[in-house]
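In this text, residue positions in the sequence shown follow this note's numbering: the first is 722, and each later residue adds one.
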Amino acid sequence: MSSEDMINTPEEEGMQIYEYIVDNAESESLQMGDMVMKLRNADTTGQFLCSTARYLAAVDRERFDRWIAPLVEGAIEKDRDRRYIGSLLEALWGADYMERAEELKASDDNFRRIYKRIYSEGAL
């Protein structure tokens, strides 16, 4: 595989899009909807979708809330091995998410879907 082929791998593209979002998140000219769509198409494992959701939530959860949900949805779809989505529980719903799990499962579909996949042994 040539170095040019390596640059065009989905992982490399996902990383480039993630870095672009991080570097330009505060810019008014960033077309976040387009970038989220590109990232959902490029990221094959959910790694960069999770990282981007965590980053945007840490920077300004309220401002980026409308973009966090589609990032999380994409991560749930892509992360079949559950390697990355577990990190979203505390990052997005707080350190006390376990104490509030029943409330969150009833009110937030993304939380419910992640919780069910991570804690599949327990009853829902």
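Every residue, glycine too, gets a C-beta built ideally from N, C-alpha and C.
| With 16 other Cβ atoms within 10 Å as the buried cut-off, status of A816 | exposed
| request: My understanding is that R838 touches R803, with C-beta atoms under 8 Å, so please give their C-beta distance in whole angstroms. | output: 6 Å
| field | L760 to E820 span [Cα, whole Å] | value | 32 Å
| query | Using the beta-carbon count (16 or more within 10 Å), is T773 buried or exposed? | reply | buried
| message | Once DSSP output is grouped into helix, strand and coil, what is the label at R821? | response | coil
| When you compare only the Cα positions, how much space is there between A790 and N831? | 8 Å
| field | Own chain, CB closer than 8 Å to W788, minus 5 neighbours either side, in chain order | value | M753, G754, V757, L777
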